[in-house]
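Quick notes on the structure that follows.
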Amino acid sequence: MGVKKTSGAAAGAVGVISYKVEGLKFRVAICYSIPYDCSLYENYFKFQIMHENLPTDKALFEDMYSNYNRLTNGTIARARAGYAAWNNGFHMSGAMGTAGKCELKLTLAPRR
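Be aware that the sequence shown starts at 15, since it is given in my numbering, and climbs by one per residue.
Below, the structure written as structure tokens:
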């Protein structure tokens, strides 16, 4: 997944998306933030396995972006550090670029 903010825009880019995992009763939700000023703030992301019926909406975005952990759990990962954890029997890992135009690479693998 590639995310970027519009060049020259006086705002950053944030969002949440989710993907249904075929054959399983869950979705993978991904929240990301790319700040306006990368010299003051860092890119970060959070991704979680969640129930398939939990809607991808403003409530989910606010929960993940603000790290409330009411709808999801886990921690926010800074782009430089990356993220790796086990969740619902799956190994989840991810890394994100540090520039205004960056890639977010995620891996989800079942426990063997």
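For every residue, glycine included, the Cβ atom is placed at its ideal position computed from N, Cα and C.
For clarity, every value in this text was computed on a predicted model and none was experimentally measured.
Check: Cβ neighbours of alanine 109 in the same chain (closer than 6 Å, five flanking residues each side left out); Outcome: Gly96 and Lys119
Check: N-terminal and C-terminal residue of the beta strand (DSSP E) that lysine 115 is part of; Outcome: 115-124
Check: Buried versus exposed, by CB contacts within 10 Å (16 or more), asparagine 57; Outcome: buried
Check: Paired residues, beta bridge with asparagine 101 - DSSP; Outcome: Phe104
Check: Local Cβ density within 10 Å of serine 47, reported as buried at 16 or more and exposed below that; Outcome: buried
Check: Where lysine 39 falls, given that 16 or more other Cβ within 10 Å makes a residue buried; Outcome: exposed
Check: Member of Ala113, Tyr55 and Ile90 whose CA lies at the smallest distance from the CA of tyrosine 79; Outcome: Ile90
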